[in-house]
Amino acid sequence: MRDPDLPDAHFRRDRILSRTCIDFEIIDSPAKGASSAGAFSVSATGILSFTIEPASTDFSGFDTLSVNLQNTSQDTVLVGLRLFHGTQTLSESVSFSGGREELLPGIPAFLKFPIESFGTYGEATDWKDVRRITFVFCREKQYAGSEPVSIVFRGLEGESRERYSGPRLTSEGLRHLRQDCSIENACDAKVLSLYRQSNPAMWIPPPHRYPKENADQVLRGEIMGFHLGYPVDWASNPEGSLEWAHFLHRHHFLRSLVIGCAETGNPAYSRALENIVKDWIAANPVPIGSNGGASPAWETLSVAWRLREWLWVAGATDAFHGFRPESQELILRSVWEHARSLVDHQGHSNNWIVVESAALALAGLCFPGFRDARSWWKSGIRRLAIEFVRQFFRDGVHFEISPMYHAICFHALLEVREAAQKAGEQLPEIFFDPLERCGEYLAGLCRPDFTWPSLNDSGSMDKDYTALLRKAGDMFSRPDLQWIGTRGTEGRTPESGLRVFPDAGIAVMRSAYEPDAHFAVFRAGPAGASHVHEDVLSLEITAWGRPILVDPGITSYGPEALTEHYRSGPAHNAILPKKGFLRSKAPFETRVRPAGRNLSTEAGKNWRSVTGICRFGESGDRQSTITRTILFIDSTFWLVKDTVRCSLPEDIIVCWQFAPGRLEISGQSLEFRCPEPEERLFKLIPLLGKMSANLRCLTGSLNPPGGWVSTHGGDVPAPSCEYSMQFAAGESSVYWALIPGLGVIQTERNDCNEGDTIRISLLDFRYELRFSRDGRLYCCRVSGYS
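Note that the numbering used here has the sequence shown beginning at 140, numbered continuously upward.
The structure is reproduced here in structure tokens:
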């Protein structure tokens, strides 16, 4: 947080004990060969970065890096540091500062990077062996200008501080910032009554992949799959993963104790809540002069999540009733620091700001005893109103095109809506019909088995948002959302068929809302604001209620081979040029541009279709186009048509990622068969015509990476196949029949001057599909056997 400019008697600041210049040499462009002997200037369009090697790698005498910089650009620049540590293992540890310290244009400034504002992947827990430091300078993702980033680098210093335990706000400072000194008047009991057992939101699971513990396990110090001991060691990171450390400090595990209190009234759970929160506050003082960086404790997103979890603690304990007076005061002092940090800083311009703004607004409603509470509420609501319009398409889809981050934002907004209505506050229009549309999108993506596809970064392929939709169904009086939220035990069955979200470029095909239904999701829209995967025109298939062809999800954001694989085009059910796409590198305005004409639909008597278009390569006459059409016929099977139009021959790959399970291949026809269970098998049949293809199959391969999905929070081998083909100049098509069931008797493709004809004979019916030369289906005949 920024220094709040309070007297020392009200707020405790660290004391600098020593300051030392750090000698170094730059080892890469744009300023290779420069050293710490003097200032130097660097400039680059887009992202500017350079790496130094320090003369001495032992930084253990420092707990802060202070960088003397001048921003000679016209706009604010964001600055980040990456520290590369020597380790005793083959893998290198990397610490990140978060990349969001602001450097204003003009006047030289010292930016502070305290050790507590870094997050680490790997084993490094200190600064004893810092081999390299990379400095990164950039602008916000949505920056649309063209001015280069220009920096004057004047020096690097290491500092050592005398640090206080938390909180920094003193008892005298709390009295100064409070309108009333009693704990009863500090909290709004009416609003906090929402955070009770009667609220279905209590059972919305945390947004992480780690094992969820019960209350007794927390008492034993067993948290997120590891034994941490009790009291908790807040420096623990047994997995060596930055995400794990973040979720530890976000306090999602406290919900188990909250539920235990609600269900049993066991005083041991209440005492544990008091002791854990109090211990965390003392061990993690808020960093001053820093936005928290990538710190597990004070990163802005962690601040927001933790504050929201503390509201459940307050609700379960009747506004901390039964806590010792010194604990009550300690928590209130820390609540002020949390809210002040969220006032001072905003995280990444995506889901982070939504979650942070929601937490700030909730702090204003739930803790009205603070003099600043009203401004917290107004600031949070103002930010949410702005960000909703910026971040959500008109069809209700969040602009990261990730069901997980969509659900996270939707949840935060629902929580604010409910708290505001309880407090009698008026809300902007976004909290009504527009917010309800967000629930409709999430409901539309629900598979027949009540799991969700993991488009873009969305964690495992088997995420569950039913508890969230149950809450939304109750709030909006929507029986269809309640039906999904209760897994079909309450409410009304939603309508099936074709559902399209035109801005996000997502279409859903569904035979019914039944346990053995067929279901498909097709994606043909923008890449997304962030958390982008390089798939386009990708497909998910569920047959007989069982996911068959899946988006692989993602397990970790760490610097690992599988992280990059999960985000790559070939990890998906997609068609793409062999050289791939780089949609994640496109300008921000391109990544969030609504799908528009890139997605279209048609319908006939017994079929529905959705078509997506993707352009790649050079612009103008040399640009190539891929068109993919998904036909859902008689709500029984799918036919996929892939058409490539190019001025020069193009190497194209078509990839299919299956869910874990056994897969059989027919070598001659290159078709695949999922044989289990036998009575409900699934066939993928290529109808390539005169096109020849090379086939590569991978399952659980690390070199090259392929054949993986993320499920239940881990990497699981799963069959994948890749068809490589060369499309000649001009226009040509290949087809893929995706058929659930035993009864595939014959498939046939005939090409002629008038167009293509596909014949598929099943046990009960024969289908003949005729396509005109312009690619459109103009005839779908169905006949029985005489």
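Beta carbons: idealized from backbone N, C-alpha and C, even for Gly.
{"query": "Candidates S859, L827, R819 and F570, of which the one nearest A710 by Cα", "result": "S859"}
{"query": "Separation of H366 from L499, as counted between CA atoms", "result": "33 angstroms"}
{"query": "Assigned exposure category for S599 - 16 Cβ within 10 Å defines buried", "result": "buried"}
{"query": "Rounded C-alpha distance that separates G305 from I470", "result": "10 angstroms"}
{"query": "Entirely enclosed beta strand (DSSP E) segments - the region 156-198, minimum 3 residues", "result": "163-165, 179-183 and 187-193"}
{"query": "Runs of beta strand (DSSP E) lying entirely within the region 470-521, each at least 3 residues, in chain order", "result": "none"}
{"query": "Reference A666; option with closest CA among V536, R617 and F658", "result": "V536"}
{"query": "Helix, strand or coil at E539 according to DSSP, with G and I counted as helix", "result": "coil"}
{"query": "Burial state of N833 (16 or more Cβ within 10 Å)", "result": "exposed"}
{"query": "Interface flag, V779 vs chain B, CB-CB below 9 angstroms", "result": "Of the protein chains in this structure there is only one, and it is not chain B."}
{"query": "Cβ neighbour criterion (16 or more within 10 Å) applied to L105", "result": "Any property of residue 105 remains undetermined from this structure, which presents the chain solely from 140 to 925."}
{"query": "Of the listed residues G846, D613 and A643, nearest to G630 (C-alpha basis)", "result": "D613"}
{"query": "Pairwise C-alpha distance: A340 and A551", "result": "11 angstroms"}
{"query": "Cα-Cα separation, D655 to S723", "result": "36 angstroms"}
{"query": "Cβ shell of R293 (< 7 angstroms), same chain only, five flanking positions each side left out", "result": "A178, N207, L208, Q209 and P247"}
{"query": "Bridge-paired residues (DSSP) for Y260", "result": "V233"}
{"query": "G563 and L608 closer than 9 angstroms at C-beta", "result": "no"}
{"query": "Contact between the region 842-849 and the region 743-750 (3+ Cβ pairs under 8 angstroms)", "result": "no"}
{"query": "First through last residue of the alpha helix (DSSP H) which encompasses T605", "result": "T605 to F615"}
{"query": "C-beta atoms of P426 and E255 nearer than 9 angstroms", "result": "yes"}
{"query": "C891 - containing beta strand (DSSP E), residue span", "result": "V883 to C891"}
{"query": "One or two residues paired with L637 in a DSSP bridge", "result": "M648"}
{"query": "Residues that G869 bridges to, as DSSP identifies them", "result": "C785"}
{"query": "Residue from I824, Q762, K602 and N489 whose Cα sits closest to the Cα of S669", "result": "N489"}
{"query": "Sheet register partners of V291 (DSSP bridge)", "result": "S180 and Q209"}
{"query": "Given 8 angstroms, three or more beta-carbon pairs between the region 579-586 and the region 529-547", "result": "yes"}
{"query": "Helix, strand or coil at S380 according to DSSP, with G and I counted as helix", "result": "coil"}
{"query": "Helix, strand or coil at N833 [DSSP, three-state]", "result": "strand"}
{"query": "Option in V555, A354, R463 and Y369 with minimal Cα separation from A443", "result": "V555"}
{"query": "Contact under 9 angstroms by Cβ, A458 with E323", "result": "yes"}
{"query": "Contacts around A263, its chain only, beta-carbon distance under 6 angstroms, and the 5 residues preceding and following it disregarded", "result": "H224 and S232"}
{"query": "Sub-9 angstroms separation of L220 and F252 beta-carbons", "result": "yes"}
{"query": "Own chain partners of E241 with C-beta closer than 6 angstroms, once the 5 adjacent residues on each side are dropped", "result": "T215"}
{"query": "Residues of its chain near W342, where Cβ-Cβ distance is below 6 angstroms and the 5 sequence neighbours each way are ignored", "result": "A606"}
{"query": "T850 in three-state terms, based on DSSP", "result": "strand"}
{"query": "Meets three-Cβ-pair contact criterion under 8 angstroms: the region 521-530 and the region 451-467", "result": "no"}
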